[in-house]
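I have placed the structure first, in the form of structure tokens, so that the comments after it can refer back to it.
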Amino acid sequence: METEPCGRFTYCRLRPEVIAELAGQFAAPAASARTATENKRACP
Numbered sequence: 003m004e005t006e007p008c009g010r011f012t013y014c015r016l017r018p019e020v021i022a023e024l025a026g027q028f029a030a031p032a033a034s035a036r037t038a039t040e041n042k043r044a045c046p
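In case it helps, my numbering puts the sequence shown at residues 3 to 46.
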């Protein structure tokens with residue numbers, strides 16, 4: 003995130019390249035979660 007002070011306000015801007023990198027890091031766990039929906043522990 004980049005910040006830009008302007009008087010009483012501070013404008014915050016998300017950096018698109020960081021968002022894209024984070025999206026890539028969440029792709030594998032998301033795919034794993036889709037295939038593991040039936041994996042549950044046995045209820046006692």
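All residues carry an ideal CB built from backbone N, CA and C; glycine is no exception.
Please read these numbers as outputs of a predicted model, since none were measured by experiment.
| Query | Result |
| --- | --- |
| Three-state secondary structure (DSSP) of Glu23 | helix |
| Whether Leu24 touches Met3 by CB criterion (8 Å) | no |
| Pair within 8 Å by beta-carbon distance, Tyr13 and Glu19 | no |
| Length of the line joining the Cα atoms of Lys2 and Ala29 | Here the chain has residues from 3 to 46 only, and residue 2 is not among them. |
| Pro7: first and last residue of the uninterrupted beta strand (DSSP E) it sits in | Glu4 to Cys8 |
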